[in-house]
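*Asks:* Protein sequence lines correspond, in order, to chains A and B.
For the first sequence, the positions run 318 to 454 when this note's numbering is used.
For the second sequence, the positions run 91 to 301 when this note's numbering is used.
The beta-carbon is built from N, C-alpha and C at its ideal position, and this holds for glycine as well.
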Amino acid sequence: MVKHVVAGSSEIGDGQQKRVSVAGRDICVFNVKGDFFALLDRCPHEGASLSYGFRIGLVTSSSPGCFEYSRESEMVKCPWHGWEFDIKTGQSWCAPTRVKVRPYPVNVESGNELVKGPYVAESFPVSVEGQYIVIDL
Amino acid sequence: MAWWVWKDNGNFAQILLSPKANEPLGHRRYWPIYEAAARYDIPLGVHVGGVSGRPSSAAGHSSFYIEEHHSQVQAMQALAASFVIEGVLERFPKLKVIFIESGIAWVPAVAWRLDSLWNQFRNEVPHLRRPPSEYIREHFWFTTQPADEPEKPEHLRQVFDWIGWDKILFASDYPHWDYDDPHYAIKCGLNKVERSMVFRDNARRAFGSRI
């Protein structure tokens with residue numbers, strides 16, 4: 318596993334997401350209430366870029382006519398055909414075992430620790446004072 | 091009433107109709123359109139949707155968007171039946187009808203049902219000299235969008251086999267949200283010959299010199 322530095326930790330705010338390129342793959346990094354998650358940026362349905370998707374919560378119902386809303390901004394809705402994905406696991410809500418997006422391990426690491434190496438920062442300068450989003454690939 | 095068709099205008103590839111007109115499209119009042127279309131070899135394109143003021147579903151108005159989206163298929167099924175049963179295709183043997191965004195997996199089932207009914211009710215409609223499925227296979231083209239997605243992709247292939255690989259037209263429905271990506275939408279996979287037919291050759295045959 319190689320650590321890839323993809324962004325400064327303050328670049329992606331809560332509720333936001335950003336597409337980054339890591340070793341030739343497009344990966345979307347999501348900030349969910351201060352925690353970071355990363356998914357391959359390609360919807361398993363027809364290949365749309367999930368980084369353009371809508372951040373939504375989860376709508377459930379105990380019976381017809383009732384609507385309950387929870388887990389705000391923890392789901393991403395594909396911009397093309399609307400499939401809902403759980404950002405934390407990459408599983409689709411409607412077919413969780415059959416249709417899922419590959420998740421990648423992502424952490425925030427200090428520049429201090431990172432400069433001890435090894436790491437890859439393809440287009441990214443790392444300074445010891447900074448905090449960085451790191452994807453393990 | 092005088093009809094004229096811009097048959098010589100190269101900008102027109104088809105005559106576009108809505109499946110939700112005042113009456114089912116097979117009715118006599120619309121035959122002058124089909125006469126012109128057949129005479130000048132212009133295909134009819136029937137695109138799903140339309141606003142007749144009547145509910146999309148024969149059972150009444152939908153409550154949800156998902157339901158309305160699905161209900162549109164009913165009008166196309168009724169249209170297929172009407173064209174066949176009224177004898178439009180018998181009267182205009184050169185007529186081509188392209189079903190646009192109608193869904194596709196229902197076609198064999200509707201054809202089987204109509205064939206079975208034709209065996210039983212033939213003498214009510216003696217102008218139908220052949221089983222309905224033959225008219226369907228000869229005169230109708232169907233677009234791939236929205237691509238049906240059975241759990242077993244080979245089932246979609248069986249649908250295409252039944253309709254005829256020469257009658258399938260790729261459509262993307264770009265820029266609508268339910269657009270089909272040409273690389274990923276048809277999940278049964280296509281071999282080289284099928285790909286050429288679905289993505290190009292069938293359209294050339296359907297639209298003739300107009301494209």
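Can you name, in chain order, every residue of its own chain whose Cβ lies under 8 Å from the Cβ of lysine 277 of chain B, other than the five neighbours on each side?
*Replies:* In the second sequence, counting from the first residue as 1, residue 277 of chain B sits at position 187. Ala237, Glu239, Pro243, Leu246.
*Asks:* Please specify which runs of the alpha helix (DSSP H), each continuous and at least 4 residues long, are wholly inside the stretch 113–189 of chain B, giving them in chain order.
*Replies:* 121–129, 155–175, 178–181
*Asks:* When the distance is taken between beta carbons, is arginine 118 of chain B closer than 9 Å to glutamate 180 of chain B?
*Replies:* Within the second sequence, numbered from 1, the residue matching residue 180 of chain B stands at position 90. Within the second sequence, numbered from 1, the residue matching residue 118 of chain B stands at position 28. For glutamate 180 of chain B and arginine 118 of chain B, no; Cβs fall outside 9 Å.
*Asks:* According to DSSP, is asparagine 424 of chain A helix, strand or coil?
*Replies:* Reading the first sequence from its first residue, position 107 is the one you call residue 424 of chain A. Strand.
*Asks:* Please list, in chain order, all residues of the same chain as glutamate 228 of chain B whose beta carbon is under 7 Å from its beta carbon, the five residues on each side excluded.
*Replies:* What you label residue 228 of chain B is simply residue 138 of the second sequence in a count that begins at 1. Counting only Cβ-Cβ distances below 7 Å, and skipping sequence neighbours, we find nothing.
*Asks:* Taking alanine 149 of chain B as the query, report the chain A residues whose CB atoms sit under 9 Å from its CB, ordered along the chain.
*Replies:* On the second sequence, residue 149 of chain B is found 59 positions in, with the first residue counted as 1. Simply none; closest approach about 18 Å.
*Asks:* Does the beta carbon of valine 288 of chain B come closer than 9 Å to any beta carbon on chain A?
*Replies:* For the purposes of this step, residue 288 of chain B is identified with residue 198 of the second sequence, where counting begins at 1. Valine 288 of chain B does not count as touching chain A.
*Asks:* Of all the CB atoms in chain B, is at least one closer than 9 Å to the CB of tryptophan 397 of chain A?
*Replies:* Locating residue 397 of chain A in the first sequence gives position 80, where the first residue counts as 1. Yes, because at least one Cβ of chain B sits closer than 9 Å to the Cβ of tryptophan 397 of chain A.
*Asks:* Can you name the residues that DSSP bridges to glutamine 448 of chain A?
*Replies:* Locating residue 448 of chain A in the first sequence gives position 131, where the first residue counts as 1. Its beta-bridge partners are A:Ser427.
*Asks:* Whole angstroms is fine: what's the gap from histidine 398 of chain A's alpha carbon to aspartate 268 of chain B's?
*Replies:* Within the first sequence, residue 398 of chain A is the residue found at index 81, counting from 1. Within the second sequence, residue 268 of chain B is the residue found at index 178, counting from 1. Answer to the nearest angstrom: the Cα atoms are 6 Å apart.
*Asks:* Just to confirm, are lysine 455 of chain A and glycine 407 of chain A a CB contact at a threshold of 9 Å?
*Replies:* Residue 455 of chain A lies beyond the residue range present for chain A, which begins at 318 and ends at 454; the question has no answer from this structure.
*Asks:* Using the C-alpha atoms, what's the distance from valine 376 of chain A back to proline 442 of chain A?
*Replies:* What you label residue 442 of chain A is simply residue 125 of the first sequence in a count that begins at 1. What you label residue 376 of chain A is simply residue 59 of the first sequence in a count that begins at 1. Roughly 41 Å between the two C-alpha positions.
*Asks:* Excluding five sequence neighbours on each side, which residues of the same chain lie with their C-beta closer than 7 Å to the C-beta of glycine 254 of chain B?
*Replies:* Start at 1 with the first residue of the second sequence, and residue 254 of chain B comes out as number 164. Counting only Cβ-Cβ distances below 7 Å, and skipping sequence neighbours, we find Arg227.
*Asks:* Taking the beta strand (DSSP E) that histidine 321 of chain A belongs to, which residues open and close that run?
*Replies:* Sequence index remark: in the first sequence, residue 321 of chain A carries index 4 (1-based). First-last of the beta strand (DSSP E) with histidine 321 of chain A: 320–325.
*Asks:* Using a C-beta cutoff of 9 Å, does alanine 195 of chain B count as contacting chain A?
*Replies:* Counting from one through the second sequence, the residue named residue 195 of chain B turns up at place 105. No - not a single Cβ of chain A is within 9 Å of the one on alanine 195 of chain B.
*Asks:* Could you say which of A:Ala438, A:Ser338, A:Phe353, A:Gly382 lies nearest to histidine 321 of chain A if we only look at CA atoms?
*Replies:* Counted from its first residue, the first sequence places residue 321 of chain A at position 4. Histidine 321 of chain A has its Cα closest to that of A:Ala438, out of A:Ala438, A:Ser338, A:Phe353, A:Gly382.
*Asks:* Which residue from B:Ala170, B:Ala127, B:Tyr124, B:Pro114 puts its Cα closest to that of arginine 144 of chain B?
*Replies:* Position 54 of the second sequence holds residue 144 of chain B. Among B:Ala170, B:Ala127, B:Tyr124, B:Pro114, the Cα nearest to that of arginine 144 of chain B is on B:Pro114.
*Asks:* Residues in its own chain within less than 8 Å of isoleucine 452 of chain A by CB, not counting five upstream and five downstream?
*Replies:* Numbered from its first residue, the first sequence carries residue 452 of chain A at position 135. Cβ within range, chain order: Lys320, His321, Val323, Val337, Val339, Ile344, Val346, Ala355, Tyr421, Pro422, Val423.
*Asks:* What do you get for aspartate 256 of chain B, buried or exposed, if any count of 16 or more other CB atoms within 10 angstroms of its CB means buried?
*Replies:* Along the second sequence, read from residue 1 onward, the residue named residue 256 of chain B stands at position 166. Burial is judged here by how many other beta carbons sit within 10 angstroms of a residue's own beta carbon; aspartate 256 of chain B has fewer than 16 and is exposed.
*Asks:* Of the residues A:Asn348, A:Gly351, A:Met318, A:Ala365, which one's Cα is nearest the Cα of tyrosine 274 of chain B?
*Replies:* Taking the first residue of the second sequence as position 1, residue 274 of chain B is located at position 184. The candidate whose alpha carbon is nearest that of tyrosine 274 of chain B is A:Ala365.
*Asks:* Short of 7 Å in beta carbon distance, which residues of its chain neighbour glutamine 333 of chain A, apart from the five on each side in sequence? Order them along the chain.
*Replies:* Translated into positions along the first sequence, residue 333 of chain A becomes position 16. Counting only Cβ-Cβ distances below 7 Å, and skipping sequence neighbours, we find Asn348.
*Asks:* Please report whether the beta-carbon of alanine 275 of chain B lies at a distance below 9 Å from any beta-carbon of chain A.
*Replies:* Mapped onto the second sequence, residue 275 of chain B falls at position 185. Yes, because at least one Cβ of chain A sits closer than 9 Å to the Cβ of alanine 275 of chain B.
*Asks:* Using the Cβ count rule (16 or more neighbours within 10 Å means buried), how would you classify cysteine 383 of chain A?
*Replies:* Taking the first residue of the first sequence as 1, we reach residue 383 of chain A at position 66. It counts as exposed.
*Asks:* Ignore the nearest five residues each way along the sequence and tell me which others in leucine 259 of chain B's own chain have a CB closer than 6 Å to its CB.
*Replies:* As a working mapping, residue 259 of chain B is identified with position 169 in the second sequence. These residues qualify, in order along the chain: Trp231, Thr233, Asn292, Ala293.
*Asks:* Would you mind sorting tryptophan 202 of chain B into buried or exposed? The rule is 16 or more other CB atoms within 10 Å of its CB.
*Replies:* Numbered from 1 along the second sequence, position 112 holds the residue referred to as residue 202 of chain B. The residue in question, tryptophan 202 of chain B, is exposed, as its Cβ has fewer than 16 Cβ neighbours within 10 Å.
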